[in-house]
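> Let me give you the structure first, and then I'll get to my questions.
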Amino acid sequence: MEKWFNKVMVSFTSAVFLMALTGWIQVNSRIAVLEVQVQNDKDLYQRNSEKADKQMNELMNKVNDIQVKVTELAVKVQEDKK
Numbered sequence: 215m216e217k218w219f220n221k222v223m224v225s226f227t228s229a230v231f232l233m234a235l236t237g238w239i240q241v242n243s244r245i246a247v248l249e250v251q252v253q254n255d256k257d258l259y260q261r262n263s264e265k266a267d268k269q270m271n272e273l274m275n276k277v278n279d280i281q282v283k284v285t286e287l288a289v290k291v292q293e294d295k296k
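Residue numbering for the sequence shown follows my numbering, beginning at 215 and increasing consecutively.
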């Protein structure tokens with residue numbers, strides 16, 4: 215009876231150890247995948263931010279050009295009225 219109990223306990227302990235080990239391996243592999251996804255998302259966000267900043271700068275330059283032209287036109291209109 216005692217031998218049987220020892221075998222059962224060894225089997226049970228081994229099974230629990232193997233379950234814990236496989237669970238730990240699965241968690242680590244999922245964490246590794248998430249780390250890669252987070253890094254990819256960060257890189258994509260940075261590229262999109264740089265692209266948006268560049269587009270915003272281009273728009274601001276166009277707005278500034280328009281403001282200069284409007285000011286020049288207003289000055290010209292004022293001179294023509296005199």
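Glycine included, each C-beta is placed from N, C-alpha and C at the ideal position.
(1) From Gln253 to Ser243, what distance separates their C-alpha atoms?
(2) Rounded to a whole number of angstroms, what is the C-alpha to C-alpha distance between Val277 and Asn271?
(3) Can you give the Cα-Cα distance for Gln269 and Glu286, rounded to whole angstroms?
Checking against the coordinates, here is how it stands:
(1) 16 Å
(2) The C-alpha of Asn271 is placed about 10 Å away from the C-alpha of Val277.
(3) Straight-line Cα distance between these residues: approximately 26 Å.
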